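Q: Before I ask anything, let me first share the structure, which is written out below as structure tokens.
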Amino acid sequence: MELMKLEIVTPTGVIFDAEVRQVTLPGSEGEFGVLPKHATLVSLLDTGVIVISKTDGSELAVAINAGYVKVDEEKTTCIVDGAVSLSGEDGDIAKALEEAKKLIKSTEASSSAIAAAVSKVEQIGKSY
Amino acid sequence: MANLKEIKRKIGSVKNTQKTTKAMKLVSSAKLKRTEELAKRSKIYAAKLTELLSEIAQKMHQNNVGGLDTIYFREVLNPKVVDIIFITADKGLCGGFNAQTIKRVNQLIARYKAENVTVRLRAVGRKGIDYYRFNTIELSDQVVGLSAAPDFEQAAAFISEIASSYAKGETDKIVLVHNGYVSMITQEIREDQILPIDPSKLSLDTVSTSELEVEPDDDDTLLEALVKRYVEYTMYYSLIDSLAAEHSARMQAMDAASTNAKEMVKELTVKYNKARQESITTELIEIISGMESMK
Chain E
37 MELMKLEIVT PTGVIFDAEV RQVTLPGSEG EFGVLPKHAT LVSLLDTGVI
87 VISKTDGSEL AVAINAGYVK VDEEKTTCIV DGAVSLSGED GDIAKALEEA
137 KKLIKSTEAS SSAIAAAVSK VEQIGKSY
Chain B
5 MANLKEIKRK IGSVKNTQKT TKAMKLVSSA KLKRTEELAK RSKIYAAKLT
55 ELLSEIAQKM HQNNVGGLDT IYFREVLNPK VVDIIFITAD KGLCGGFNAQ
105 TIKRVNQLIA RYKAENVTVR LRAVGRKGID YYRFNTIELS DQVVGLSAAP
155 DFEQAAAFIS EIASSYAKGE TDKIVLVHNG YVSMITQEIR EDQILPIDPS
205 KLSLDTVSTS ELEVEPDDDD TLLEALVKRY VEYTMYYSLI DSLAAEHSAR
255 MQAMDAASTN AKEMVKELTV KYNKARQESI TTELIEIISG MESMK
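Read top to bottom, the protein sequences are chains E and B.
For the first sequence, the numbering used here gives the first residue as 37, with consecutive numbering after it.
For the second sequence, the numbering used here gives the first residue as 5, with consecutive numbering after it.
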């Protein structure tokens, strides 16, 4: 299985930096997936959820408000303003979900984008 | 005898001051650690953002579509209006920290005045505002509280107003002056040109051979969004940098004050002992001479 590097940077620090199989990003022109060896691309990111497919096949979701992504063949770098990791590992998934919803609602994005993002967060919450 | 009492009182008062300065030093060093950590983490974000901005600008430059020629990068040769933003602390007791910044701002004003440029001053922090109010120099904008607790939203709101004024052509240049953090014992005055962005600051030599796809397709939208974010973030980062410098300056000042107080207590104690002995000697002489006269 081919892997690529993914880095998520927020103003408060690097929140994710590891090898991944695939990542799905909420681009401003629509959601798109990135696999290793993707052509170089720069895109604006909208309010939404980044879904990371980790090396062991499990998925990790990170809710973001807005930002940019730069993709090249080996590495994907997401520069976002705010992010909340929706991981079940820390046990307190309910709290993370609440925080994610708050983050999403605090943005200036259109109401439909917010609604879509919130419903996605809720869907992820149910899967735990 | 009154002299003895007075010296004793003085020693007590100096000791009290010493307690205060020591406590302030401890508080500042704790705060400095926290701010330093914040600065370190924000630096990564700032570096990535600059990298991305450079790449986009360069790509547009190669394709000859705006990019470095847009208003955000083009240097105005004969600026008519310049905005100077400066950051000072809200509080004093930090040595020459605020005075240094103000001195540099005054130098800048003098330089621009000589070139017949209108200068608009925008102050962050109470100390700077107080200084210019006292000297009856007009400030276009002022914020209190932001330098003590940097907040991204507030910083962004403050700078975007100025940036939009730049975009409208009301000002030709935006300069930010602040006292930056170098190490625990040194601060350095930094003077950054926020807009237009100095292309030499962007690492333009990293030539990427691969074709760069951009989404949304409209390059200008992306560049504009990036520039806006870059400017906002520079402002925010400068605030953090300034805060770290403020704490380190205060730490130093308070350390010096504590040492001085210690020295003073030592001197006063010597003086006190001397005065005490003197009074004892006088008393002895009085008793002895009294006895002599009775013989």
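Every residue gets a Cβ at the ideal spot worked out from N, C-alpha and C, and that includes glycine.
Since the model is a prediction, treat every value here as computed from it, not as a measurement.
With a threshold of 8 angstroms on Cβ separation, who are the neighbours of B/L8 within its own chain once the five nearest residues in sequence on each side are excluded?
A: In the same chain as B/L8, and ignoring 5 residues on each side of it, the C-beta atoms closer than 8 angstroms to its own belong to Y276, A279, R280, S283, in chain order.
Q: So what does DSSP say about E/K90, is it helix, strand or coil?
A: strand
Q: Would you mind stating whether E/L122 and E/V154 have Cβ atoms separated by less than 8 angstroms?
A: no
Q: Flag this pair as yes or no: are the beta carbons of B/D94 and B/G149 separated by less than 8 angstroms?
A: In this structure, B/G149 lies closer than 8 angstroms to B/D94 by Cβ.
Q: Would you call the stretch 228 to 244 of chain B and the stretch 9 to 22 of chain B in contact, with 3 or more CB pairs under 8 angstroms?
A: Contact between the stretch 228 to 244 of chain B and the stretch 9 to 22 of chain B is absent: fewer than three C-beta pairs spanning the two stretches fall below 8 angstroms.
Q: For chain E, find out if any of its Cβ atoms is closer than 8 angstroms to the Cβ of B/Y76; answer yes or no.
A: no
Q: Taking the straight line between their C-alpha atoms, what separation do you get for B/E119 and B/V179?
A: 16 angstroms
Q: Assign B/R126 to buried or exposed, taking buried as 16 or more other Cβ atoms, counted over all protein chains shown, within 10 Å of its Cβ.
A: buried
Q: Which residues in the same chain as B/T21 place their Cβ atom closer than 8 angstroms to its Cβ, once the five residues preceding and following it in sequence are excluded?
A: Excluding sequence neighbours, B/T21 sits near A261, A265.
Q: Relative to chain B, which residues along the stretch 100 to 116 of chain E have a C-beta separation below 8 angstroms, given in chain order?
A: Y104, K106, D108, E109, T113, I115
Q: I'd like to check one pair, B/R233 with B/C98: are the Cβ atoms closer than 8 angstroms?
A: no
Q: Please report how far the alpha carbon of B/R115 lies from the alpha carbon of B/V109, in whole angstroms.
A: 10 angstroms
Q: Are the stretch 86 to 93 of chain B and the stretch 37 to 52 of chain B in contact at 8 angstroms, needing three or more beta carbon pairs?
A: no
Q: Since B/I48 meets chain E, which of its residues come closer than 7 angstroms, beta carbon to beta carbon?
A: Within 7 angstroms Cβ-Cβ: V45, G49, V50.
Q: Using a Cβ-Cβ cut-off of less than 8 angstroms, list which residues of the stretch 135 to 161 of chain E approach chain B; keep chain order.
A: none
Q: Hey, does B/R45 have any beta-carbon neighbour from chain E nearer than 8 angstroms?
A: yes
Q: Examine chain B for any beta-carbon lying closer than 8 angstroms to the beta-carbon of E/L42, and answer yes or no.
A: Cβ-Cβ to chain B under 8 angstroms: no for E/L42.
Q: Thinking just about the alpha-carbon of each residue, which of B/I163, B/A153, B/S169, B/S164 is nearest to the one in B/S246?
A: B/A153
Q: Cβ closer than 7 angstroms: which chain E residues qualify as neighbours of B/F156?
A: P47
Q: Inspect the beta-carbon positions of E/L61 and E/V98 and report whether they are closer than 8 angstroms.
A: no
Q: What separation, rounded to the nearest whole angstrom, lies between the Cα atoms of B/K4 and B/R38?
A: Given that chain B is displayed from residue 5 to residue 299, the structure contains no residue 4 of chain B and the question cannot be resolved.
Q: Is B/L53 close to chain E? Criterion is C-beta to C-beta, closer than 8 angstroms.
A: yes
Q: Mind checking the stretch 133 to 159 of chain B against chain E and listing, in chain order, the residues whose C-beta falls within less than 8 angstroms of any C-beta there?
A: Under the 8 angstroms Cβ criterion, the stretch 133 to 159 of chain B contributes F156.
Q: CA-CA distance, B/V123 and B/Y135?
A: Cα-Cα distance, rounded: 17 angstroms.
Q: Can you tell me whether B/M28 is buried or exposed? The criterion is at least 16 other CB atoms within 10 Å of its CB, across all chains shown.
A: Buried.
Q: Between the alpha carbons of E/V84 and E/D117, how many angstroms are there, rounded?
A: The sequence shown places Gly at residue 84 of chain E, not Val. Distance between the alpha carbons of E/G84 and E/D117 is about 12 angstroms.
Q: Taking 8 angstroms as the threshold (beta carbon to beta carbon), is E/L71 in contact with chain B?
A: No, E/L71 lies away from the interface with chain B (no Cβ there is under 8 angstroms from its Cβ).
Q: Please determine, among B/I193, B/M188, B/Y170, B/E236, the residue with the shortest C-alpha to C-alpha distance to B/D155.
A: Minimum Cα distance to B/D155 is reached at B/E236.
Q: Relative to the C-alpha of B/E250, which residue among B/D176, B/E157, B/E192, B/K14 is closest?
A: B/E192
Q: With DSSP as the reference, label B/D94 as helix, strand or coil.
A: When secondary structure is reduced to three states using DSSP, B/D94 falls in the coil class, being assigned neither helix nor strand.
Q: Within its chain, find whatever has a CB closer than 8 angstroms to the CB of B/K19; leave out the 5 residues flanking it on each side and keep chain order.
A: A265, V269
Q: CA-CA distance, B/N102 and B/V128?
A: 11 angstroms
Q: By Cβ distance, which residues of its chain are closer than 6 angstroms to E/V70, with the 5 residues on each side in sequence left out?
A: V59, V107, T112
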